[in-house]
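**Q** Numbering (our numbering), first residue to last: 409 to 699.
Beta carbons: idealized from backbone N, C-alpha and C, even for Gly.
Submitted below is the structure of interest, expressed as structure tokens.
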């Protein structure tokens, strides 16, 4: 039947056109990948990144949106893990966040998200990890007033290894509200559209959410100051200009590039570096890191 249809002039032309479109898309995708890799290689050749204590050369992506997985792995290779517990506020559907790779390596922790569809996806994709009680997933809407009580209700220990916060609009306010908790590493979304010399943070509105514009969150200098108040040091930003990485100040011990300032570590917004290629990411939570 297919051979018969292919012999009909109009259908044959349509099939040929469809093939051409698919080939064109694949070629464009390959060119994009090559352009991104060339850009990163050229960028890292700048003398700014020569300091071996900088973390950007370690960027790598397993489940993270950008190079966060590699930076997180390098940070813990320097300071070492303890209880291997993570908490992610704004975990999405679990397929692309900052702690799924830690779960894959045998860590345990908590994922919070306000979207019910994301929670349904997590409970489906990560059913095995949930059944083993290595992952607790809960639908929560975080406000500054409720953040600490949510952590308390879930019996999150005061000290744990890793915290990631990305809820777009009020991210900085949530981090500040969790001051009684002492994770060793914090990854916090920053607004890279704000120049690093400007101390800017969006006014707090408990029920407000991101409106899709560049008016959200906090600039890097504002987060640097919040971090200092909480006794954390800014040690890196990823090349995409999405996340800032903080290590508890009692753990930095000459291990990271100084000074720990916004001016030293700022990366501008480079959303075009987002990588979506590679193998699919099916995950049942059963794989673990070899000890």
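Select from 557, 645, 429, 625 the residue whose C-alpha is nearest the C-alpha of residue 607.
**A** It is 625 whose Cα lies nearest to the Cα of residue 607.
**Q** Using the C-alpha atoms, what's the distance from residue 557 back to residue 679?
**A** If I take the Cα positions, the gap works out to 34 Å.
**Q** Who are residue 521's beta bridge partners in DSSP?
**A** According to DSSP, residue 521 bridges with 547.
**Q** Within 10 Å of its beta-carbon, does residue 458 have 16 or more other beta-carbons around it, so buried, or fewer, so exposed?
**A** Counting Cβ neighbours within 10 Å, residue 458 comes out exposed, since fewer than 16 surround it.
**Q** For residue 445, name the three-state secondary structure that DSSP assigns.
**A** Note: residue 445 maps to helix in three-state DSSP.
**Q** Comparing alpha-carbon positions, which option in 483, 538, 456 lies nearest residue 467?
**A** Of the listed residues, the one whose Cα sits closest to residue 467 is 483.
**Q** Could you name the residues that DSSP lists as bridge partners for residue 656?
**A** Answer is 640, bridged to residue 656.
**Q** Name the two residues that bound the continuous alpha helix (DSSP H) containing residue 511.
**A** Element bounds for residue 511: 508-512.
**Q** How should residue 637 be labelled, buried or exposed, when 16 other C-beta atoms within 10 angstroms of its C-beta is the threshold for buried?
**A** So residue 637 ends up on the exposed side.
**Q** Where does the unbroken beta strand (DSSP E) through residue 496 begin, and where does it stop?
**A** It spans 493-497 - the beta strand (DSSP E) in which residue 496 sits, taken as one unbroken run.
**Q** Could you tell me the distance, in whole angstroms, from the CA atom of residue 586 to the CA atom of residue 571?
**A** When rounded, the distance between both Cα atoms is 10 Å.
**Q** If you drop the 5 nearest sequence neighbours on each side, which residues of the same chain put their C-beta closer than 7 Å to that of residue 522?
**A** Only 547, 548, 549 meet the Cβ criterion.
**Q** Grab me the residues of residue 699's own chain with a C-beta within less than 6 Å of its C-beta, minus the 5 sequence neighbours each way, in chain order.
**A** Confidence is the limiting factor: at residue 699 the pLDDT is only 42, short of 50, which leaves the residue's position unreliable, though a coordinate-based value still follows. Cβ neighbours of residue 699 beyond the five flanking positions: none.
**Q** With a cut-off of 8 Å, does the C-beta of residue 445 fall near any C-beta of chain C?
**A** Looking at the structure shown, chain C is missing, and only one protein chain is on hand.
**Q** Leaving out five residues before and five after residue 601 in sequence, what residues of the same chain have Cβ atoms less than 7 Å from its Cβ?
**A** Here the set comprises 622, 677.
**Q** Would you call the stretch 479-498 in contact with the stretch 509-522, where contact means no fewer than 3 C-beta pairs closer than 8 Å?
**A** Judged by Cβ distances under 8 Å, the stretch 479-498 makes contact with the stretch 509-522, as three or more pairs qualify.
**Q** Measuring CA to CA, which of 555, 566, 435, 469 is closest to residue 681?
**A** Nearest C-alpha to residue 681: 469.
**Q** Just to confirm the assignment: which complete alpha helix (DSSP H) runs, minimum length 4, are found wholly within the stretch 531-586?
**A** 535-539, 555-561, 579-585, all fully within the stretch 531-586.
**Q** Would you identify the three-state DSSP class for residue 651, choosing helix, strand or coil?
**A** The answer is strand: DSSP assigns residue 651 an E or B state.
**Q** With 16 other CB atoms within 10 Å as the buried threshold, where does residue 579 fall?
**A** Buried.
**Q** Assign residue 673 to buried or exposed, taking buried as 16 or more other Cβ atoms, counted over all protein chains shown, within 10 Å of its Cβ.
**A** With 16 or more other Cβ atoms within 10 Å, it is buried.
**Q** Please state whether DSSP places residue 597 in a helix, a strand or coil.
**A** Looking at residue 597 - three-state DSSP - the assignment turns out to be strand.
**Q** Tell me residue 609's beta-bridge partners as DSSP assigns them.
**A** Looking at the DSSP assignment, residue 609 forms a beta bridge with 626.
**Q** Hey, residue 657 and residue 639 are a contact pair by Cβ (cut 8 Å); roughly how many whole angstroms apart?
**A** Indeed, because the Cβ distance is near 5 Å, the residues count as touching under 8 Å.
**Q** Cβ atoms of residue 480 and residue 518: under 8 Å apart, would you say?
**A** Cβ distance not < 8 Å, so residue 518 and residue 480 don't count as in contact.
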